[in-house]
Amino acid sequence: MRPFLCSILKCQKCGSTQYPKLNPEEVFKVALPAHLPSISKFREQQSFLSDLIDVISKNHGKIFDINEADLYAFLEPENATSIENLKIIELLYGVDIVAGTITCVDCGDTKNIKNGILFCEE
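Going by the numbering used here, the sequence shown opens with residue 1, and the numbers climb by one from there.
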């Protein structure tokens, strides 16, 4: 499961469309798409990106070189270089979460991610 998919998820339990909290336990790097997607809508999701950067850098820092400074540069589009933007693109589209959990920030409902698939069974 790629982190950018959180932008289209809706909680089955409460219907919230807020970006959920991701807790990736196993991740790996994947190739970026040939056509780089627009990431401007993610500028409004500072807490989602901050949490994701925190857990990725703590648990998988040897694979992904990203930190809070990259996030703050990205949040200020007039100051962001293509390198900071590329790091955020890599975070959203170049990370495959193989195992972990995803939790609704409104109701706390948690779902498992196994083999890269989000399991939404009740």
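Where a beta carbon is used, it is the ideal one built from N, C-alpha and C, also for glycine. All of these numbers come straight from a predicted model, not from anything done at the bench.
Name the DSSP beta bridge partners of residue i, please?
i, result
"residue 179", "Absent from the model: residue 179. The displayed extent of the chain is 1 to 122, so no value can be given."
"residue 29", "95"
"residue 42", "The partner list for residue 42 (beta bridge, DSSP) is empty, contrary to what the question assumes."
"residue 4", "Residue 4 pairs with nothing; no bridge assigned."
"residue 119", "112"
According to the Cβ coordinates, are residue i and residue j closer than 9 Å?
i, j, result
"residue 2", "residue 92", "yes"
"residue 42", "residue 7", "yes"
"residue 29", "residue 109", "no"
"residue 88", "residue 106", "no"
"residue 98", "residue 115", "yes"
"residue 120", "residue 18", "no"
"residue 68", "residue 50", "yes"
"residue 102", "residue 37", "no"
"residue 90", "residue 74", "no"
"residue 31", "residue 100", "no"
"residue 40", "residue 77", "yes"
Between which two residues does the alpha helix (DSSP H) carrying residue i extend?
i, result
"residue 84", "82–93"
"residue 48", "46–60"
"residue 19", "Here residue 19 belongs to no alpha helix (DSSP H), and DSSP marks it neither H nor E."
"residue 68", "68–75"
Per the contact definition of three or more C-beta pairs closer than 8 Å, is the segment 53–70 in contact with the segment 20–30?
The segment 20–30 is in contact with the segment 53–70.
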